[in-house]
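Asks: Remember, the working numbering sits 27 above the position in the first sequence when you count from 1.
The beta-carbon is built from N, C-alpha and C at its ideal position, and this holds for glycine as well.
Bear in mind the structure is a predicted one, so any value in this text is a computation, not a measurement.
The structure's right below; bear with me while I get my questions together.
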Amino acid sequence: MDLKEKVVDFLKEYLSLNKEKIYNSLEIPPDPKFGDISFPCFELAKKEKVNPGHYSKHLREKIVIPDNSIFGRIESAGPYLNFFVNYTKFIPKLLKEINKNPAYGRGKAKKQKILLEYISPNPLKDLHAGHLRQAAVGGTLARILDFAGFSVIPVLYYNDSGTHIAKTLWAYEKFHKGEEKNISNKGAWLGKIYSEAHKKSKDNKKVQQEIRKIHLALENKNKKYINLKKKLYLWSTQYFEKFYRDVNAKFDKIYYDSDFVDEGKKIVKKLEKTKYLYYENNTPVLDLTEFNLPKTLLLKSDGTALYLTKDLAMAFQRIKEFNADKMVYMTGSEQKLNFQQLFKALEILKFKNSENLFHIPVELVYDKHGKRFSSREGNAEAYSKIIEDARKAAEKRISNPEISEKEKPEYADKIARGALLYFMNKVSYKKSINLDLEKALSFEGQTGPYLQYSYVRARKITKKAKSKPSPKYLTKLDTQAELNLIRKIYFFPDIVEKAAESYQPHLLAEYAFDLASLFSKFYELCPVSSVAESLSSARLYLVQVYIRVIERCLNLLGIPVVEKM
RNA sequence: GGGCUCGUAGCAUAACCUGGAUAGUGCGUCCGGUUUCGGCCCGGUUGAUGUGGGUUCAAAUCCUACCGAGCUCGCCA
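Written as C-alpha cells, this is what we have:
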C-alpha cells in the first residue's frame, strides 16, 4: 500500500506530467498538519509562468474527491497541494497488510550486486574504537542493503603482511614467551605486546635491526618463525571472531593481503606500459598529476609491495570472483587520498567497473572529551577495554529482580553491545565521534538501551494482556498518539530504501528512535489492558505490528533483542 | 604551503548530495503534572545555522573569500 502511488493515480488525471515525474516530486511534509503527502507546485507554476500559490489553489479547485477515496481531504497551502489520508479507511488496511507480512519493509529485489568491504584489521594488533565504528556502520549498511533488495557480498580483509607482524613476534619471543598460559584473552594481550614492541623500536636502531631480521626470515619462509606466526595468528583470529560476533558482523569471504603480493607486482609491470609510470632510483612511481592527484609509490625501494600494490591485485581478483556491479570500500577517513589513487590507477588499467568504485570514508573516534585516546591511559582505545567497561557499566544498571545474579552478565553483555552499536550508528559517518560510555549506556535519550527497553515494554503488554489482538475494531484507533505511531510505521519502507540508496545507516538509527519515542507516548496515553475489550484488541493489534517493526530495526542495526532488562 | 572533510543552542546531533512550508531531535536548565502494562511519560520553558560576499522568487543546503578544527600530501599500515 503505497500512498505516493495513490496520489499519483489521483493527480495524473489533472496534470500533464508522466507518472514517474509526479511520483518523484512528491514529498512527505515536515509536519502532519500539512497532510500525509504533498505535491509541490514550483516547477509546473514556473512552466506556466504563474505564481506557485495560485497554481496550487487553481489545481485544488479543479479536483473532485470521489467517495471511495483513501484521501479525506486535499488542501492547497501556499505552493503545496496537501493530501490528507482518511484514517478510518486507511488504518485497518495498512495494519492488516503489515501483520500479514513478516518481512514488512523489505525492498523489491534489485539486480545490482554490491561487494562491500568494511573492516580491514591487522592481525596481532588489538582492535580499537575505529574498528568498532566501522564494523557497526558497515555491518548495518550491509544488512540494510540486503533488506532493501540488493545482492550484497560483505568481505573482510586482513592486513597480514608487513613489519607489524615481525614486531609482535620479536617482542613475544624476547619478553613474553610462555606467559600466555595465564592469559584468557590472548588476542588482546598480543595487541599490548605489539604496542610495546612499537614503542621500543621507535628510536632504537638495534631493535629495528632485530625486527628486520625476523621480517626477512618470514619472507624467506623460515620454518621457526612461520610456525610461531601461525600460533599467534590463531589467538588473534579467535579474538577477532569473538569481536565479529559481538558486533554482528558477517562476511562471505575473507581476503589476506599477503596473497596478493606477487600478483600486485605483475600489475606494476602492466602499468609500466602506460605513460603514468616512471622510475625514480629504481622505484616505480605512479604519476597522477594529470588528474590533480599527487604522485604515489607503487613499490618500496627494496622491491617489496605496498598497500596500493596489493589493493590493485585484489580488486581484479574480487571482480573476477563475484562479478559485482559495485565495489564499496569503507575505511577510516585518513585513507581518502589512497583510495582516490587506487581508483584512478584502476581506471588507467581499464578495470571493468572503475566508475562503480565507491569509497566511504568514516571519521575517527575520539575519547569522551573529543581528544585523541592518549597513550598514557594505556589501552583505553582498545576494543577489549571498551567492551569490558561497557559490560561492567551495563551490569550496574540492571536492577530488575527478575534477572538473577547468574543471568546478569548475559543481559549486561547484550545491553552493552546494543549501546555501543547504536552509539556508533546514530551519527553520520562524516562526523567524528566522542566515545562516551555513560551516554551510550543511558536508558534515556537516543540510545541503544532505550530501544531495547521499548521492545521489552511492548512484549510485556502482549504477554500480560487478557484479550487477544484482533483487526476487527481497528477503526477505534483514533487518538493522536495512535495515529502518530501508525504514521511512523507506515514510513518504515521509505526509510529503508533511502538509507540503502544513500549509504546512510544513521537514517535508520534515527528512525528507530523516533519510532520508539512515539511508542512511549502511546504506551503512556493509551492503556491496553484496562480498557474495553474491543479497543484493547485493536491496541494489541497495533502493539503487535509495532513489535514487528522495532524488532526489524534492532536486527538491522545489529542490536541484540532482550525480553527483560 | 596544496588537497579533502567538518563548523547548527551549554553539550551532542538531524536536515546539506537532490535549494522550498515554522531549522527537527536528545541530554541539560527551569516550572508544573502524572506513578505504572517496569525505570517512563505528559504539558510548558530556555536556546542554534562560524563570518563576509554572490547566485535565486526562495540558501543551513549551491558558488566564493576569510576564520576555526581534523585528516592528508613516495617507501607507514
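Is the CB-CB distance between A443 and A409 below 9 angstroms?
Replies: Here residue 443 refers to the residue found at position 416 of the first sequence. Here residue 409 refers to the residue found at position 382 of the first sequence. Taking 9 angstroms as the Cβ cut-off, A443 and A409 do not qualify as a contacting pair.
Asks: Return yes when the Cβ of H203 is within less than 9 angstroms of the Cβ of L151, no when it is not.
Replies: To locate residue 151, count along the first sequence from 1; it is residue 124. To locate residue 203, count along the first sequence from 1; it is residue 176. Going by C-beta atoms, L151 is not nearer than 9 angstroms to H203.
Asks: Among all the DSSP beta bridges, which residues are the ones paired with K140?
Replies: For the purposes of this step, residue 140 is taken as residue 113 along the first sequence, with counting starting at 1. In DSSP, K140 forms a bridge with S178.
Asks: According to the neighbour-count rule (16 or more other Cβ atoms, all chains shown, within 10 Å of its Cβ), is N109 buried or exposed?
Replies: Working through the first sequence from its first residue, we reach residue 109 at position 82. By the neighbour-count rule (16 or more Cβ atoms within 10 Å), N109 is buried.
Asks: Apply the 10 Å Cβ neighbour rule to F318 and answer buried if 16 or more other Cβ atoms are within range, or exposed otherwise.
Replies: By one-based count along the first sequence, residue 318 stands at place 291. It is exposed - the Cβ of F318 has fewer than 16 other Cβ atoms within 10 Å.
Asks: Indicate whether K256 and L196 have their beta-carbon atoms separated by less than 9 angstroms.
Replies: Locating residue 256 in the first sequence gives position 229, where the first residue counts as 1. Locating residue 196 in the first sequence gives position 169, where the first residue counts as 1. Result yes, Cβ atoms of K256 and L196 sit closer than 9 angstroms.
Asks: Would you mind giving the Cβ-Cβ distance between T115 and T358, rounded to the nearest angstrom? I have them listed as a contact below 8 angstroms.
Replies: Against the first sequence, residue 115 aligns to sequence position 88. Against the first sequence, residue 358 aligns to sequence position 331. With 8 angstroms as the limit, T115 and T358 do not qualify as a contact, their Cβ atoms being about 51 angstroms apart.
Asks: Counting Cβ pairs closer than 8 angstroms, one from the segment 176-187 and one from the segment 262-282, do we hit at least three?
Replies: Enough Cβ pairs lie closer than 8 angstroms, so yes.
Asks: Whose C-beta lies closer than 7 angstroms to the C-beta of A536 among residues of the same chain, with five residues either side of it excluded?
Replies: Stepping through the first sequence from its first residue, residue 536 is reached at position 509. Around A536: Y449, N452, K453, L584.
Asks: Taking the beta carbon of G105 as the centre, do at least 16 other beta carbons fall within 10 Å, making it buried, or is it exposed?
Replies: Here residue 105 is taken as the residue at index 78 of the first sequence, counted from 1. Exposed, since its Cβ has fewer than 16 Cβ neighbours within 10 Å.
Asks: Cα-Cα, which of I586, S96, I101, I97 is closest to F66?
Replies: If you number the first sequence from 1, residue 66 lands on position 39. Taking only the C-alpha atoms, the option nearest F66 is I101.
Asks: Taking only runs that begin and end inside the segment 441-471, name each unbroken alpha helix (DSSP H) of 4 or more residues, in chain order.
Replies: Taking only runs of at least 4 residues, the alpha helix (DSSP H) segments lying wholly in the segment 441-471 are 464-467.
Asks: Would you mind working out which of K60, I55, G62, E70 sits nearest K48, comparing C-alpha positions?
Replies: As a working note, residue 48 is residue 21 in the first sequence. Measuring from the Cα of K48, the nearest candidate turns out to be E70.
Asks: Assign V389 to one of three DSSP states: helix, strand, or coil.
Replies: What you label residue 389 is simply residue 362 of the first sequence in a count that begins at 1. Strand.
Asks: Is it a yes or a no for the segment 370-388 touching the segment 411-429, going by three-plus beta-carbon pairs under 8 angstroms?
Replies: Touching, no.
Asks: Write down every uninterrupted run of the alpha helix (DSSP H) in the segment 90-160 whose length is 4 residues or greater and which is fully enclosed by it, in chain order.
Replies: Whole alpha helix (DSSP H) segments, 4+ residues: 114-127.
Asks: Assuming K337 contacts F287 (C-beta within less than 8 angstroms), just tell me the rounded distance between them.
Replies: Indexing the first sequence from 1 puts residue 337 at position 310. Indexing the first sequence from 1 puts residue 287 at position 260. Confirmed, about 4 angstroms.
Asks: Per DSSP, P67 forms a beta bridge with which residues?
Replies: Your numbering for residue 67 matches position 40 in the first sequence. Paired residues: Y107.
Asks: For K127, which option in T331, Y568, H225 has the closest C-alpha, if you only look at C-alpha atoms?
Replies: Locating residue 127 in the first sequence gives position 100, counting from the first residue. Cα-wise, what sits closest to K127 is Y568.
Asks: Buried or exposed: which applies to E144, given that a residue is buried once 16 or more other Cβ atoms fall within 10 Å of its Cβ?
Replies: The residue you call residue 144 lines up with position 117 of the first sequence. Its Cβ being crowded by 16 or more others within 10 Å, E144 is buried.
Asks: If we ignore side chains and look at the alpha-carbon of each, how far apart do V570 and W216 end up?
Replies: Along the first sequence, one-based indexing puts residue 570 at 543. Along the first sequence, one-based indexing puts residue 216 at 189. For V570 and W216, the distance between alpha carbons rounds to 47 angstroms.
Asks: Quick one: is L339 buried, meaning 16 or more other Cβ sit within 10 Å of its Cβ, or exposed?
Replies: By 1-based counting over the first sequence, the position of residue 339 is 312. Result: buried.
Asks: Just the Cα atoms here: how many angstroms apart are I171 and Q161?
Replies: Counting from one through the first sequence, the residue named residue 171 turns up at place 144. Counting from one through the first sequence, the residue named residue 161 turns up at place 134. Using only the alpha carbons, I get a separation of about 15 angstroms.
Asks: Pick out whichever of Y500, F378, Y550 has its Cα sitting closest to the Cα of K120.
Replies: Mapped onto the first sequence, residue 120 falls at position 93. The option with the nearest alpha carbon to K120 is Y500.
Asks: Name, in chain order, the residues that DSSP records as bridge partners for A409.
Replies: Taking the first sequence and counting its residues from 1, one reaches residue 409 at position 382. Its beta-bridge partners are H155.
Asks: Could you check how far apart the C-beta atoms of Y282 and M341 are, in whole angstroms? I think they sit under 8 angstroms.
Replies: On the first sequence, position 255 is the one that residue 282 refers to. On the first sequence, position 314 is the one that residue 341 refers to. Correct: roughly 6 angstroms between the Cβ atoms.
Asks: In three-state DSSP terms, what is M592?
Replies: Residue numbering aside, residue 592 sits at position 565 when the first sequence is read from its first letter. Coil.
Asks: Per DSSP, which one or two residues make a beta bridge with K599?
Replies: As displayed, the chain neither begins before 28 nor continues past 592, which places residue 599 out of reach and without an answer.
Asks: Provide the residue span of the beta strand (DSSP E) that contains E307, from first to last.
Replies: The residue you call residue 307 lines up with position 280 of the first sequence. Taken as a continuous stretch (DSSP letters only), the beta strand (DSSP E) holding E307 covers 304-307.
Asks: One question on the structure: do S455 and Q362 come within less than 9 angstroms of each other, judged by their Cβ atoms?
Replies: Here the question's residue 455 lines up with position 428 in the first sequence. Here the question's residue 362 lines up with position 335 in the first sequence. The answer is no: Cβ separation not under 9 angstroms.
Asks: With DSSP run on the structure shown, which of helix, strand or coil describes K213?
Replies: One-based indexing of the first sequence puts residue 213 at position 186. Reduced to three states, the DSSP call for K213 is helix.
Asks: Leaving out the 5 sequence neighbours to the left and right, which residues in its chain are closer than 8 angstroms to H158 when beta-carbon positions are compared?
Replies: In the first sequence, residue 158 corresponds to position 131, counting from 1. These residues qualify, in order along the chain: I146, P148, F270, Y410.
Asks: Using the C-alpha atoms, what's the distance from D63 back to I55?
Replies: As a working mapping, residue 55 is identified with position 28 in the first sequence. As a working mapping, residue 63 is identified with position 36 in the first sequence. About 6 angstroms.
Asks: How would you write the range of the alpha helix (DSSP H) that T195 sits in, first residue to last?
Replies: In the first sequence, residue 195 corresponds to position 168, counting from 1. That run of the alpha helix (DSSP H) goes 190-198.
Asks: Got a sec? Which residues, its chain only, sit under 8 angstroms from Y477 by beta carbon, not counting five neighbours each side?
Replies: What you label residue 477 is simply residue 450 of the first sequence in a count that begins at 1. Closer than 8 angstroms at the Cβ level, and outside the excluded window around Y477, lie S469, F470, E471, F540, A543.
Asks: Can you find the residues in the same chain that come closer than 8 angstroms, C-beta to C-beta, to K525, ignoring five residues on each side of it along the sequence?
Replies: To locate residue 525, count along the first sequence from 1; it is residue 498. Result list for K525: Q531, L534, in chain order.
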